[in-house]
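Asker:
In the working numbering, the protein residues as written are 23 to 115.
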């Protein structure tokens, strides 16, 4: 899907979980922007079918993966870039 420009990047992050309800693996998918979701399924489904097989085959693969992992949830987030703020210090003499 990266080749077709539907997805910009994939990222995997690992950490120690801080409690039994915390995650230790975070899988991220980067999209260009929010409008990229418009018609996404119609564009992505044929690619998924070609790579992973029919919907039934994909469902069976999902069931098999659930034996070794637990999905904690999903969340839509936006990346922000903090710009440097300049501060002026004045010394009273």
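Ideal placement from N, C-alpha and C gives every residue a C-beta, glycine not left out.
None of these values were measured; they are calculated from a predicted model.
Consult DSSP for residue 78 and reduce its assignment to one of helix, strand or coil.
Answerer: Helix at residue 78.
Asker: Using DSSP's beta-bridge definition, name the partner residues of residue 90.
Answerer: Residue 90 is not bridged to any residue.
Asker: Apart from the five residues on each side of it in sequence, which residues of its chain come closer than 8 Å, Cβ to Cβ, to residue 78?
Answerer: Here the set comprises nothing.
Asker: Excluding sequence positions up to five away, which residues of its chain have a Cβ less than 6 Å from the Cβ of residue 48?
Answerer: Excluding residues within five positions, the ones whose Cβ falls inside 6 Å are 35.
Asker: Nearest to residue 30 by alpha carbon, out of 66, 51, 68, 60?
Answerer: Residue 51 is the option with its Cα nearest to residue 30.
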